[in-house]
Amino acid sequence: MNLWKKGTGLLMALTLTGAALAGCGGPAKETSSQSTAPAATSEFKMLEGDALKGAIQKEGKIISYGMPDSWANWKESWEVFSGKYGVIHTDTDMSSAEEIAKFKAEKDNPVADLGDIGIGFGAKAKAEGVSAAYKNKYWNEIPDWAKDPDGNWCVWYTGSTSFLVNTKLVKNVPTSWADLLKPEYKGQVVLGDPTKANQAMMGVLSAAFANGGDESNIQPGIEFLAKLAKAGNLKPIDLSVANIQKGEVPIAVLNDFNALGYKDQLKMDELKVVIPSDGSAISAYVCMINKVAPHPYAARAMVDHILSDEGQILLAKGFARPIRDVKLPADVQAKLLPKEAYKASRPIKDFATWEKTTKDLPRLWQEQVLTQMQ
1 MNLWKKGTGL
11 LMALTLTGAA
21 LAGCGGPAKE
31 TSSQSTAPAA
41 TSEFKMLEGD
51 ALKGAIQKEG
61 KIISYGMPDS
71 WANWKESWEV
81 FSGKYGVIHT
91 DTDMSSAEEI
101 AKFKAEKDNP
111 VADLGDIGIG
121 FGAKAKAEGV
131 SAAYKNKYWN
141 EIPDWAKDPD
151 GNWCVWYTGS
161 TSFLVNTKLV
171 KNVPTSWADL
181 LKPEYKGQVV
191 LGDPTKANQA
201 MMGVLSAAFA
211 NGGDESNIQP
221 GIEFLAKLAK
231 AGNLKPIDLS
241 VANIQKGEVP
251 IAVLNDFNAL
261 GYKDQLKMDE
271 LKVVIPSDGS
281 AISAYVCMIN
291 KVAPHPYAAR
301 AMVDHILSDE
311 GQILLAKGFA
321 RPIRDVKLPA
331 DVQAKLLPKE
341 AYKASRPIKD
351 FATWEKTTKD
361 LPRLWQEQVL
371 TQMQ
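The numbering of the sequence shown is full-length UniProt numbering, which starts it at 1 and goes up by one.
Listed below in structure tokens is the structure:
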């Protein structure tokens, strides 16, 4: 399983309102949103009710890219959808950039119907002409920052950078980026590759936030990580579930929903999840329907399913933060970190500036951080 599946390429910025972080509370609006939702914006005409179910059953299957079982509770989400419509689902895990490239390469003989990509890749998918325009049933409840105005993509969940700490290997749990420079964490910090992985790239931005930088100036984060590498604290190892389970990853830097999810999945009570107190970047993930999806009704129905109250709760069960203002069951809410933990979580506010910044990130990483690795 590719833990760092959301990578390779440019990560565009996102602007989050306070409601995005607190999107797990408040009244649900499902009934009203269904009655006022706009129709699909492409020539494709979506069906409803029995007609839709019949069309999906005739299609018989749905194929996705980049939506593995262990990520954000996709396993249960797909099981519920497949049970509802009687279709077979298969997924091939890959990065956001790979998903777009596959859609493009397979346009004359399409295989997959939809994918889950980092928000920064939404514009690329649209520019490449691989994404279908579809304004889902809950379109009016999705914040403007979180959707393409033409319907080519929309956010369905968010996450924040966190530390996953194995307390059997780490005596004192670090609570900030500054802590990670301490000699006691030599050879213990695993970040991933920000030249390929969205999740790791957001880790670099989080380090920049913690050291006075922002989306316009990521250099403070690069300099901090170079110091971490020079001190020998940055460990060059694959941040995989297997390595976490084997105890080879003392401190991991990753999305909070992954950290909480792996702790739950592995049943390892020694794993502790911490949002760094001096800086945590908020990221978001979006749905991308293949413009030439071989199973178009199933693809659109899956998007509607995930953005429904039921679907958003299923994502929350996988520790992701729903984009809609859905009231979560008490047992699901209890498994998430408290809102107070996210005091240092920050969005990116300037899309254009962040786009320019990320173009230089691979070079900065290779020239200033990798050269310091021990």
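Cβ coordinates follow ideal geometry from the N, Cα and C atoms, glycine included.
M67: not part of any beta strand (DSSP E); DSSP gives it neither H nor E. Straight across, the Cα-Cα distance linking R324 with Y138 is about 8 Å. The three-state reading of DSSP puts Y85 in helix, counting H, G and I together. Here G129 is not near G66, since their CB atoms are 8 Å or more apart.
For I63, the closest of N290, T357, K246, K135 by C-alpha to C-alpha distance is N290. In this model, M201 and V286 are separated by some 17 Å (Cα to Cα).
For F163, the enclosing beta strand (DSSP E) covers residues 154-166. Fully enclosed beta strand (DSSP E) runs of no fewer than 3 residues occupy 251-255, 271-274, 280-289 of the region 223-300, in order along the chain. The C-alpha of W74 lies about 31 Å from the C-alpha of V170. Closest in alpha carbon position to L228, among G86, S160, Q368, S216, is Q368.
By the beta-carbon neighbour count (other beta carbons within 10 angstroms, threshold 16), V155 is buried.
Annotated as distal: S345 and A259, with beta-carbon spacing of 8 Å or more. Annotation for G118: the continuous beta strand (DSSP E) segment containing it runs 114-118. Scanning the region 122-146 for uninterrupted alpha helix (DSSP H) segments of 4 residues or longer gives 122-127, listed from N- to C-terminal end. For a cut-off of 8 Å, the C-beta gap from N211 to G203 is around 13 Å, too long to register as a contact.
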